[in-house]
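J.:
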Amino acid sequence: MDEVVASAPGKVVLFGEHAVVYGHPAIAASIAQRTTVTLRTTEEPGVHIGRARVDFERHPHLATMIAHLWDETASPGLDLSVTSDVPRGAGLGSSAAFAVASAVALRAAGGRAVDAGTGAWLEGYASDGSEVALFHGGHDVRRNAEVGERRFGQDALSLEEASLLGHVAEAMSQDGRASPMDTLTSAYGGLVLLSNRLEREDAWIMRRTMPMGDAVRSWELHRLEGLHFEEGLSLVVGHTGINAPTTNMVAGVAARRTEETGIDETMDTIGALVHRGMEALLAGDAEGVGRAMTENHLLLRRLGVSHPALETLVSAALPTSLGAKLTGAGGGGCMIALTQDPKATSEAIELAGGRTWITSFGTPGARLEACPKGGLINPK
Ligand code: MEV
1 MDEVVASAPG KVVLFGEHAV VYGHPAIAAS IAQRTTVTLR TTEEPGVHIG
51 RARVDFERHP HLATMIAHLW DETASPGLDL SVTSDVPRGA GLGSSAAFAV
101 ASAVALRAAG GRAVDAGTGA WLEGYASDGS EVALFHGGHD VRRNAEVGER
151 RFGQDALSLE EASLLGHVAE AMSQDGRASP MDTLTSAYGG LVLLSNRLER
201 EDAWIMRRTM PMGDAVRSWE LHRLEGLHFE EGLSLVVGHT GINAPTTNMV
251 AGVAARRTEE TGIDETMDTI GALVHRGMEA LLAGDAEGVG RAMTENHLLL
301 RRLGVSHPAL ETLVSAALPT SLGAKLTGAG GGGCMIALTQ DPKATSEAIE
351 LAGGRTWITS FGTPGARLEA CPKGGLINPK
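Numbered according to my numbering, the sequence shown spans residues 1 to 380.
1. Would you mind listing the beta strand (DSSP E) stretches within the region 73-105 that are 3+ residues and don't spill past its ends, in chain order?
2. Using the beta-carbon count (16 or more within 10 Å), is S163 buried or exposed?
3. For M210, is the beta carbon positioned less than 7 Å from some heavy atom of the ligand MEV?
4. Kindly indicate which three-state DSSP category H222 falls into: helix, strand or coil?
5. My understanding is that Y188 touches R217, with C-beta atoms under 8 Å, so please give their C-beta distance in whole angstroms.
6. Is I205 helix, strand or coil when you go by DSSP?
7. Just list the residues that DSSP pairs S7 with in beta bridges.
8. Suppose the cutoff is 6 Å on Cβ atoms and the five residues either side in sequence are ignored; what does the same chain contact list for G284 look like?
9. Can the beta-carbon of V305 be found less than 8 Å from the beta-carbon of V253?
10. Just to confirm before moving on: does the CB-CB distance between S321 and L298 stay below 8 Å?
11. Out of curiosity, what's the CA-to-CA distance linking R291 and A272?
12. Which residue comes first and which comes last in the beta strand (DSSP E) that contains I49?
13. Helix, strand or coil, according to DSSP, for P308 in the structure here?
14. Only counting the same chain, and skipping five residues up and downstream in sequence, which positions put a Cβ closer than 6 Å to that of H307?
15. Taking the runs of the beta strand (DSSP E) that are 3 residues or longer, which of them lie wholly in the region 281-349?
16. Which two residues bound the contiguous beta strand (DSSP E) that contains R355?
In structure tokens:
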């Protein structure tokens with residue numbers, strides 16, 4: 001049976017979570033754990049999970065993707081299934097990975113080609129005998145199948161689109177407050193840097209702007225490539241086992257900004273610290289990176305997003321690591337430690353009650369794993 005399969009990774013935040021929502025800089029890295037979305041056609045129009053039509057209350061991310069990428073009224077419909085080893089509610093970007101993987105899968109299912117002449121995207125695909133109809137900007141560009149170079153697959157994948165739609169989906173489900181960090185990292189993979197300024201022209205991807213309440217936030221998005229660290233440097237992720245929804249944690253910080261003094265100043269300090277962390281990363285200074293991570297943790301504690309279980313795991317990791325901090329939204333979820341002795345650090349975290357994974361920096365971003373030529377619109 002024809003199917004479209006797409007996958008995208010989770011992430012950890014090295015520096016700058018929460019403050020990044022308010023336009024401050026942050027650095028995140030993709031991890032080995034991934035979410036995979038599979039689409040198969042069904043006769044009934046619409047998108048289904050199991051046999052039931054998608055419940056948009058339960059799956060707000062899918063509501064955004066389907067509205068942009070799939071005609072719910074047309075036949076065939078789709079059956080969507082998900083497998084994931086990114087734990088939910090753990091601050092590891094599970095919802096972003098799901099949003100990005102479904103954006104890639106739905107777009108590929110709908111059909112996408114690159115125009116051989118202009119290099120422009122041509123959206124929509126239908127095949128009738130030898131003719132191929134490609135719809136571009138509402139125009140039906142009919143061409144002979146022999147002439148039109150049709151390419152579906154990895155090279156027809158737009159990471160920019162997947163990260164943008166993923167960001168919109170995250171914002172819709174987080175009361176309008178979401179940075180592009182998680183979805184950018186999941187789409188592009190590797191190490192990504194968001195900043196309030198252009199940091200390095202050779203690493204810059206694009207500017208992202210989003211209205212948030214009465215302010216317009218904007219981020220300069222970069223990829224950090226070619227970092228050099230000595231052999232054996234690892235990140236250990238420690239899970240408290242406590243589930244803490246990002247939406248609640250982000251809303252808590254928003255409330256404290258209006259109720260308490262010093263929250264905005266703490267975010268400014270985090271912003272400066274991220275620049276220091278970035279310099280250390282670019283210089284291959286592992287000790288400097290670790291120190292900045294631990295300082296970031298103390299500032300996150302001041303934002304009110306730590307949790308006693310996170311404090312226990314961070315304290316357990318510090319004696320054998322270069323630095324440790326909570327990662328993601330906090331309130332439970334996970335912490336990370338940068339270490340040259342991953343075995344000792346992971347054992348210390350486990351002894352303190354955490355579940356651990358050892359990961360390296362920079363795993364691949366979103367991928368289209370399988371797609372029949374022509375997507376799923378006309379499955380013959
Ligand atoms: C969650 O992984 C990261 C936060 O900064 C929220 C966001 O960036 O949208 C807490």
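Where is the CB? At the ideal position from N, CA and C, for every residue including glycine.
T.: On the basis of the coordinates in this document:
1. Entirely contained in the region 73-105, the beta strand (DSSP E) runs reaching 3 residues are, in chain order, 77-84.
2. Here S163 is buried: its Cβ has 16 or more other Cβ atoms, across all protein chains shown, within 10 Å.
3. Not so, every heavy atom of the ligand MEV lies at least 7 Å from the Cβ.
4. Assigned with DSSP and collapsed to three states, H222 falls in strand.
5. Contact flag wrong, Cβ pair sits at about 20 Å.
6. For I205, the three-state secondary structure derived from DSSP is strand.
7. For S7, which the question treats as bridged, DSSP gives the partners T36, R367.
8. Within the same chain, G284 has close Cβ partners H228, F229.
9. Yes, the pair counts as a contact, with Cβ atoms nearer than the cut-off.
10. Not in contact: S321 and L298 (Cβ atoms no closer than 8 Å).
11. Between the alpha carbons of R291 and A272 lies a distance of about 14 Å.
12. Note, I49: beta strand (DSSP E), 47-49.
13. In this structure, P308 counts as helix in the three-state DSSP scheme.
14. Correct list, in chain order: G331, G332.
15. For the region 281-349, whole beta strand (DSSP E) runs of length 3 or above, ordered along the chain, are 323-327, 334-339.
16. Secondary structure note for R355: its beta strand (DSSP E) is the uninterrupted segment 355-359.
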